[in-house]
Amino acid sequence: MFVLRPCPTNPNHLSIGLGSAASRFANPINRPAVLLSSRCAPRRTRRLVISAKGSDYYETLNLNRNATLQEIKSSYRSLARKYHPDMNKSAGAEEKFKEISAAYEVLSDDDKRSIYDRFGEAGLQGQYEGSGAGGQVDPFEVFGAFFGDSTGIFGGRADMGNFNFNTRNTRTSDLDIRYNLTLSFEESIFGGRRNVDVTRFETCNMCNGTGAKSNNCIRSCTDCGGRGAVMKTQRTPIGIVSQVSTCTRCNGDGTIVTDSCRKCNGDGKLRIKRSIEIEIPPGVNDGNTMQVQGEGNVDNKRGIAGDLYLFLHVSEKTGIWREGLDLYSKISIDYTEAILGTVVKVETIEGLRDLQIPSGIQPGETLKFPYLGVPNMKKPGVRGDHHVIVNIEIPRIISVEERTLVEKLASLRKSCNYHMNQSNDEVANGKKRNRQNNASTKGPGKVNSLLSSIKRFLSRKQSRAGFSSLSIEAEVPTWTNHNAVDPLFMISFSVVFVILHIYTSIIRADSHTISTRRKPVLTQIDE
Numbered sequence: 000m001f002v003l004r005p006c007p008t009n010p011n012h013l014s015i016g017l018g019s020a021a022s023r024f025a026n027p028i029n030r031p032a033v034l035l036s037s038r039c040a041p042r043r044t045r046r047l048v049i050s051a052k053g054s055d056y057y058e059t060l061n062l063n064r065n066a067t068l069q070e071i072k073s074s075y076r077s078l079a080r081k082y083h084p085d086m087n088k089s090a091g092a093e094e095k096f097k098e099i100s101a102a103y104e105v106l107s108d109d110d111k112r113s114i115y116d117r118f119g120e121a122g123l124q125g126q127y128e129g130s131g132a133g134g135q136v137d138p139f140e141v142f143g144a145f146f147g148d149s150t151g152i153f154g155g156r157a158d159m160g161n162f163n164f165n166t167r168n169t170r171t172s173d174l175d176i177r178y179n180l181t182l183s184f185e186e187s188i189f190g191g192r193r194n195v196d197v198t199r200f201e202t203c204n205m206c207n208g209t210g211a212k213s214n215n216c217i218r219s220c221t222d223c224g225g226r227g228a229v230m231k232t233q234r235t236p237i238g239i240v241s242q243v244s245t246c247t248r249c250n251g252d253g254t255i256v257t258d259s260c261r262k263c264n265g266d267g268k269l270r271i272k273r274s275i276e277i278e279i280p281p282g283v284n285d286g287n288t289m290q291v292q293g294e295g296n297v298d299n300k301r302g303i304a305g306d307l308y309l310f311l312h313v314s315e316k317t318g319i320w321r322e323g324l325d326l327y328s329k330i331s332i333d334y335t336e337a338i339l340g341t342v343v344k345v346e347t348i349e350g351l352r353d354l355q356i357p358s359g360i361q362p363g364e365t366l367k368f369p370y371l372g373v374p375n376m377k378k379p380g381v382r383g384d385h386h387v388i389v390n391i392e393i394p395r396i397i398s399v400e401e402r403t404l405v406e407k408l409a410s411l412r413k414s415c416n417y418h419m420n421q422s423n424d425e426v427a428n429g430k431k432r433n434r435q436n437n438a439s440t441k442g443p444g445k446v447n448s449l450l451s452s453i454k455r456f457l458s459r460k461q462s463r464a465g466f467s468s469l470s471i472e473a474e475v476p477t478w479t480n481h482n483a484v485d486p487l488f489m490i491s492f493s494v495v496f497v498i499l500h501i502y503t504s505i506i507r508a509d510s511h512t513i514s515t516r517r518k519p520v521l522t523q524i525d526e
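Here you go:
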């Protein structure tokens, strides 16, 4: 179990306690802790003896007896990472880890290794076994076994395995420089090169950044032992957690300067004004930020340099404004030019260009110059357009002659509009009559023919039957769908059928009456 615990007194302190694995096999009073500091390693460490009997330490670490200290450390780190109980849950992993730690404790110390090589493990037991306060297992070595070389933590960027500690802000944020750069409107469109004068801190060339008059004036800090940090250990419910804090005497440098450099007064840096050439990409906008890496303040002690941040401010251009990748401008033309059309000169970012105004243009309409806008920073081949908004000027005061001409023009417009409307009406009426004539020559003609035949038939019979003539007129509709059955045709057909039925009944009744009148009447004569 890894515990990440910040120091309550200083936000820059960081400690990691490795408690669960140690608590299984270590003396509870002397459980080791793994530390992580943002700057440097501690001076003093609590050591622990872990003894594992009946095994050869060289075989335990997979080494021969001529292995160097670097090979011993490398093998230990590899095996400790493999068999640590928090990472390896298999049976026997914990016991194997104890053996690895015991072997490394002895072989990493020259004196112990010498005794072990001469007398074996028995030569160590009388002097070291059970020494609760002694031992050689450095918590920083355990940390290095899991996360890499701990020196990278306090000097440069360390490789910490799967743990990502971002030290960028704490390392270079204080070295970054902010600079406000004002560009012209054309520079923001086309880009270019600019020289900017920046004042920054650079390493003193006399002391090479040490701040000392000479190398003999540099001493190791006695408070932190040259580590630049001090360690405090505290017992917690999860184990013993150690915290590392910056040494207040040497300010984390690990060294003390006894005689300062005369040129930089011991600061190790000088304020210098430099001219830096900056390349402005085309298409930048107001408020954009450019980062120039390595052009900030320089810290030779840490071997790093900050960055230069340019905050861009674009000046406005009279008559032209920007919206995204497009540019906009306005022009005004006379009302006669709007009626007749014309060609005008328009200012663009590439100079004056001719713009064709079509006749009959309306106020507020927009014309454009293609590909005369702003280039795309990510895609230089893509460029916006220049849009021109047309405004039509109508004069408030005109001369008498101009008014007379305008009135004649207005009268002419009215006359033209009247004749045009009449012509349009005639055309519309002609089309309507054509549609009606075309419709009357189709389906309804059959109905008219049938009704005419019925009228002629009734006219021939009316003198004999004594009835008035009967006429039926049906309005002829305009058919639009000749495939469907017309409703009027069905109605007319039904009416004719009813009339024929009535007529037949009347004829029959009339015939019966006539025959009755012609029958002789027999009269009885009384004698």
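Going by numbering that gives the first Met the number 0, the sequence shown opens with residue 0, and the numbers climb by one from there.
Glycine included, every Cβ here is placed at the ideal spot set by N, Cα and C.
Only counting the same chain, and skipping five residues up and downstream in sequence, which positions put a Cβ closer than 8 angstroms to that of residue i?
i	result
S314	T181, L182, S183 and F184
I356	I332, E336, A337, G340, T341, V342, V343, L366 and V389
C263	C203, M205, C206, G210 and L269
N63	Y57
Measure the alpha-carbon distance for residue i versus residue j and round it to whole angstroms.
i	j	result
I360	R199	59 angstroms
T67	S73	10 angstroms
G201	I176	The amino acid occupying residue 201 in the given sequence is Glu; Gly does not appear at that position. The straight-line gap from Cα to Cα measures roughly 13 angstroms.
Q174	N296	Residue 174 is actually Leu in this sequence, not Gln. One C-alpha to the other measures close to 5 angstroms.
R80	S107	17 angstroms
D55	D85	25 angstroms
G119	N65	16 angstroms
S414	I393	23 angstroms
D353	K316	20 angstroms
E527	N284	Residue numbering for the chain in the displayed model covers 0 to 526; residue 527 lies beyond these limits and cannot be assessed.
R434	P362	42 angstroms
E528	K329	There is no way to answer for residue 528, as the model of the chain reaches only from 0 to 526.
L411	I397	19 angstroms
R192	T257	47 angstroms
N416	E364	25 angstroms
S172	T245	19 angstroms
H386	E400	37 angstroms
I567	L123	This structure cannot settle anything about residue 567, because the visible part of the chain is limited to 0 through 526.
F96	K378	57 angstroms
I391	S358	12 angstroms
V494	T503	14 angstroms
G498	M489	Residue 498 is actually Ile in this sequence, not Gly. Going by the C-alpha atoms only, they are around 14 angstroms apart.
F496	I506	16 angstroms
M289	C223	41 angstroms
D110	G91	30 angstroms
S541	L60	Lying outside 0 to 526, the shown extent of the chain, residue 541 is not represented and no answer is given.
T235	V229	19 angstroms
L78	V105	16 angstroms
Do residue j and residue i have their beta-carbon atoms positioned less than 8 angstroms apart in this structure?
i	j	result
C253	G227	Checking the sequence, you will find Gly at residue 253 rather than Cys. Yes, Cβ-Cβ distance for G253 and G227 is below 8 angstroms.
M376	G282	yes
V243	Q233	no
V373	G383	yes
N103	Y308	Here residue 103 turns out to be Tyr, not Asn, going by the sequence shown. Not a contact, by the Cβ cut-off of 8 angstroms.
E186	I319	no
V291	I277	yes
I71	Y82	no
R261	K231	no
N299	G225	no
E406	L371	no
Skipping 5 residues on each side, what residues in its chain have a beta carbon closer than 6 angstroms to that of residue i?
i	result
N287	L311
S274	N194 and D196
A409	none
N215	none
Indicate whether at least one CB of chain B lies closer than 8 angstroms to the CB of residue i.
i	result
D85	The structure shown has no chain B; it contains just one protein chain.
Got a sec? Which residues, its chain only, sit under 7 angstroms from residue i by beta carbon, not counting five neighbours each side?
i	result
F189	P281
Y75	L60, I99, Y103 and A144
Looking at C-beta atoms only, is the number of pairs between the region 298-313 and the region 335-342 that lie closer than 8 angstroms three or more?
no
Within the region 295-364, ranges of the beta strand (DSSP E) (whole runs, at least 3 residues)
307-313, 320-322, 325-333, 341-347 and 350-356
Count the CB pairs spanning the region 243-250 and the region 214-222 that are closer than 8 angstroms, and state whether there are at least three.
yes
Can you list, in chain order, the stretches of the beta strand (DSSP E) that have 3 or more residues and sit fully within the region 230-264?
238-245 and 254-256
Enumerate, from N- to C-terminal direction, the unbroken beta strand (DSSP E) stretches of 3 or more residues contained entirely within the region 164-230.
176-182, 191-202 and 217-219
What beta strand (DSSP E) runs, 3 residues minimum, are completely inside the region 370-410?
385-392
Unbroken stretches of the alpha helix (DSSP H), 4 residues or longer, contained in the region 52-126:
56-59, 68-82, 92-106 and 109-118
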